[in-house]
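Residue numbers (full-length UniProt numbering): 1 to 196.
Okay, structure coming up:
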């Protein structure tokens, strides 16, 4: 039973300053948790994609699998239940996380692509989850958007030019820095190449 305050007894008051500080602290903690979770999800999705068995497992053996795989019942594949590993992993992820198979496949492909081709950038995602000290998820997306057509050598040069500034630049500043670095390394931007 909750005690009632006695009449005339002082009630603890929370000042606006204390409330502001507590709210700000909690928001920073949530930002750090989100960054840490993004990094972990990226790694786990890439791992899921790489270790998916090429043969369909027993549906009952996969925790979270709540529906049959669409292609497993198709007449054109008969008794052969082989699928590509990304299709299998996407079907399982979609069923377990209640997203569409297309969304799950996109998540897996993106994570796999990032961890294979952008290992340095992914590693620069702050391990403590501090979005202000390392590469944020949004900046990682900008980085990949501007550098997808580069060779490995060009990518290394651009990475060396921009990665040190990822933690201090705003997303807009980071995008401008990326464009300048790509032009300095290649002599042109992706947009100019597409127009040509």
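Ideal Cβ positions, reconstructed from N, Cα and C, are used throughout, including at glycine.
Nearest neighbour of residue 177, chosen from 147, 111, 90 [CA to CA] = 147
Taking 8 Å as the CB-CB limit, is residue 137 close to chain B?
-> Within the model displayed, chain B is absent; a lone protein chain is all it includes.
Should residue 182 be labelled buried (16 or more other beta-carbon atoms within 10 Å of its own) or exposed?
-> buried
When 186, 18, 21 are compared against residue 152, the one with the closest alpha-carbon | The alpha carbon of residue 152 has as its nearest neighbour, out of 186, 18, 21, the alpha carbon of 186.
Which class does residue 188 belong to by DSSP, given the choice of helix, strand or coil?
-> coil
Assign residue 14 to one of three DSSP states: helix, strand, or coil.
-> Looking at residue 14 - three-state DSSP - the assignment turns out to be coil, as it is neither helix nor strand.
Residue 108 and residue 48: beta carbons closer than 8 Å?
-> yes
Exposed unless 16 or more other CB atoms sit within 10 angstroms - verdict on residue 212 | With the chain covering 1 to 196 only, the question about residue 212 has no answer from this structure.
Pairwise C-alpha distance: residue 110 and residue 75 | Note that residue 75 scores a pLDDT of 38, beneath 50, so its modelled location is shaky; the value from the coordinates is reported in the next line. One C-alpha to the other measures close to 31 Å.
What span of residues does the alpha helix (DSSP H) with residue 138 cover, start to end?
-> 137 to 147
Option in 19, 26, 40, 18 with minimal Cα separation from residue 112 = 40
Closer than 6 Å by C-beta to residue 87: which residues in its own chain qualify, once you throw out the five before and the five after it? Chain order, please.
-> none
Would residue 143 be called buried (16 or more neighbouring beta carbons within 10 Å of its own) or exposed?
-> buried
Output the distance between the C-alpha atoms of residue 93 and residue 33, rounded to the nearest integer angstrom.
-> Approximately 22 Å, taken between the alpha carbons.
Does DSSP put residue 199 in a helix, in a strand, or in coil?
-> The structure shown does not extend to residue 199, since the chain is modelled only from 1 to 196, so the question has no answer here.
Three-state secondary structure assigned by DSSP to residue 178 | helix
Residue 137 vs residue 38 beta-carbon contact at 8 Å = yes
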